[in-house]
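Some notes on the structure that comes next.
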Amino acid sequence: MIGLVDCNNFFASCEELFRPYLRGKPIVVLSSNDGCVIARSKAAKKLGIKMGAPAFEYRELFKKYNVELCSSNFTLYADMSRRVMDVLKSTVPSVEVYSIDEAFFVLEDSDSAESIATELRKKLFKWTGIPVSIGIARSKVLAKLASEEAKTTPSGVCVVYEKDETALLQKTEVEEIWGIGPRLSQRARAHGIYTAYDLTIHPQISLQKLFNVVGQKIVHELKGESILQLEMVRAPRKSISTAKSFAYTIDNEEDIASILSSYIARVTMELRKEGSLASIIQISLFCKDRETVFERSLALDEPTSYTPRLIEIGKRMLSTLFNPTYAYKKVGVCLSGLVPDDPAPDLYRKVQTQEHSVMEVVDRLNCKHGKGTIRFAAEKPRPVKSSMRSSHATTAWDELPRVH
Ligand SMILES: [Mg+2]
Numbered sequence: 094m095i096g097l098v099d100c101n102n103f104f105a106s107c108e109e110l111f112r113p114y115l116r117g118k119p120i121v122v123l124s125s126n127d128g129c130v131i132a133r134s135k136a137a138k139k140l141g142i143k144m145g146a147p148a149f150e151y152r153e154l155f156k157k158y159n160v161e162l163c164s165s166n167f168t169l170y171a172d173m174s175r176r177v178m179d180v181l182k183s184t185v186p187s188v189e190v191y192s193i194d195e196a197f198f199v200l201e202d203s204d205s206a207e208s209i210a211t212e213l214r215k216k217l218f219k220w221t222g223i224p225v226s227i228g229i230a231r232s233k234v235l236a237k238l239a240s241e242e243a244k245t246t247p248s249g250v251c252v253v254y255e256k257d258e259t260a261l262l263q264k265t266e267v268e269e270i271w272g273i274g275p276r277l278s279q280r281a282r283a284h285g286i287y288t289a290y291d292l293t294i295h296p297q298i299s300l301q302k303l304f305n306v307v308g309q310k311i312v313h314e315l316k317g318e319s320i321l322q323l324e325m326v327r328a329p330r331k332s333i334s335t336a337k338s339f340a341y342t343i344d345n346e347e348d349i350a351s352i353l354s355s356y357i358a359r360v361t362m363e364l365r366k367e368g369s370l371a372s373i374i375q376i377s378l379f380c381k382d383r384e385t386v387f388e389r390s391l392a393l394d395e396p397t398s399y400t401p402r403l404i405e406i407g408k409r410m411l412s413t414l415f416n417p418t419y420a421y422k423k424v425g426v427c428l429s430g431l432v433p434d435d436p437a438p439d440l441y442r443k444v445q446t447q448e449h450s451v452m453e454v455v456d457r458l459n460c461k462h463g464k465g466t467i468r469f470a471a472e473k474p475r476p477v478k479s480s481m482r483s484s485h486a487t488t489a490w491d492e493l494p495r496v497h
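The opening residue of the sequence shown carries number 94 in this note's numbering; numbering runs sequentially from there.
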């Protein structure tokens, strides 16, 4: 069988970890620059606060119900996610991390599914402090439905055996099925398909006309046929990029160059993690009005993943784009033309090996001791508004929680 571990209200649960007095209180986590609601605790959901809504719409409500507002603290969330996944990987075989707070795993012994999941849930909570829900069923899509079901039970675990599938499918509306978007469900409804069960009894021939290949695979999964295999190897990416808005406009080249450098450091680290080199670098500079964008691409003489070289090139490209009469709101970098980093026996080999070892040390230190442990002098983090951010309690020495 296949299990799905889903962390409950993940970002909000992370915020509660080092501030236990928040437990049970309405907590809302806001997006970058404190703009929109991106996570809610159970109590905040009960107040009717909608996901993705602009925070200012709830100003009154936040005040009235004493809602705890948190600027997003992705360093904390990513680190807690890693901890949860590490415990999971050391406990069950074949784990596929699906998102920051969800992972699938394979369960060979289906007779003791309930007790294995209960133990796993207890262990995850004890070792990381994060509450999770676990759904187990014959396929990924069914496991996802089971995990939704698990959220409503006090045990936090839901095992759906073959005999229970029909009942679950009958009460699941088409739009609640994982992978079926609003467009597909609308089309299904127009054909008299209202529930997941209706989908499973619909004639195969007409389903082929109705749904694309993925949609058809989902229907097989609903029937308990596990065909969306755990993808142990992900397809390599075609490009790696990052572009984010500043908290305020910037009109000086040096500041933008520092922010750009930190973006380049980040994407090159990703690049090395994928085992790739980039052949093309593109820099985009967005004006205050957001409509005027200056862009430039450059094909590199030699594909590389060496951060200092790309920072140097990036800064040079920026200075050709920068015009002091404008103010800027955003900068971005995109690395493409990715090729595998196979050691090629050529003249540059010695230099490459040297660069490799330097970057390897930097990556290892940043991975072990937290991002930014080793930084390039050119880097400066992007200014963001996050005055309500909780501490980096698990990744920064000076922000460790105090015990009085
Ligand atoms: Mg979740």
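Note that CB positions come from ideal geometry on N, CA and C, so glycine has one too.
- Sorting K423, Q375, V312 by C-alpha distance to the C-alpha of L235 places V312 at the top.
- CA-CA distance, K143 to I352, rounds to 32 angstroms.
- In the three-state reduction of the DSSP assignment, I193 falls in the coil class.
- Shortest Cα-Cα distance from G274 to any of L169, V426, V307, V177 involves V307.
- Taking 8 angstroms as the cut-off, the Cβ atoms of I209 and S165 do not count as close.
- R409 has its alpha-carbon roughly 25 angstroms from the corresponding atom of K464.
- DSSP places R133 in the strand class (E or B) of the three-state scheme.
- Between E314 and Y287, the C-beta gap is not smaller than 8 angstroms, which leaves the two residues out of contact.
- DSSP, read as helix, strand or coil, puts E242 in helix.
- Sorting S192, R482, M452 by C-alpha distance to the C-alpha of R468 places M452 at the top.
- The C-alpha of H284 lies about 51 angstroms from the C-alpha of S480.
- For the pair S483 and C100, the CB atoms are not nearer than the 8 angstroms cut-off.
- Secondary-structure assignment with DSSP links I373 through a beta bridge to A392, S429.
- Under DSSP, Y421 takes part in a beta bridge, and its partners are I343, C380.
- V225 and S338 have their C-alpha atoms roughly 33 angstroms apart.
- In this structure, ligand 1 has no non-hydrogen atom nearer than 7 angstroms to the beta-carbon of F149.
- A check of alpha carbon separations from S319 across D194, K237, E405 identifies K237 as the nearest.
- Taking C-beta atoms under 8 angstroms as the contact rule, E161 and P119 qualify, at a distance of about 7 angstroms.
- For D172, the uninterrupted alpha helix (DSSP H) run begins and ends at 167-184, by DSSP.
- Check the Cα spacing between E268 and each of L261, S278, A260, K302: the tightest is with S278.
- The three-state secondary structure of P113, taken from DSSP, is helix.
- In the same chain as S398, and ignoring 5 residues on each side of it, the C-beta atoms closer than 6 angstroms to its own belong to T361, L364, R365, L370, in chain order.
- The beta carbons of T385 and R359 sit no closer together than 8 angstroms.
- Distance from V426 to I349 at the Cβ level is roughly 12 angstroms; contact not present, criterion being Cβ atoms closer than 8 angstroms.
- For C107, the number of other beta carbons within 10 angstroms of its own is at least 16, and it is reported as buried.
- Residue side-chain check: F198 keeps its Cβ at 7 angstroms or more from all non-hydrogen atoms of ligand 1.
- With a cutoff of 8 angstroms on beta-carbon distance, I193 and L97 are scored as not near each other.
- Scanning its chain for C-beta atoms nearer than 6 angstroms, with the 5 sequence neighbours on each side dropped, one finds around V455 the residues I467, in chain order.
- D257 sits in a helix when the DSSP states are folded into three classes.
- The beta carbons of A196 and L181 sit closer together than 8 angstroms.
- Annotation for C427 indicates a beta carbon at 7 angstroms or more from all heavy atoms of ligand 1.
- Rounded to the nearest angstrom, the gap between the Cα atoms of K244 and R276 is 26 angstroms.
- Within the same chain, T466, I467 come within 6 angstroms of L458 by CB-CB distance, once the 5 residues on both sides are set aside.
- In this structure, the CA atom of K156 is about 15 angstroms from the CA atom of L123.
- In the displayed model, K366 falls within a helix according to three-state DSSP.
- Inclusion of K422 and T342 in the CB contact set at 8 angstroms is warranted, their separation being smaller than that value.
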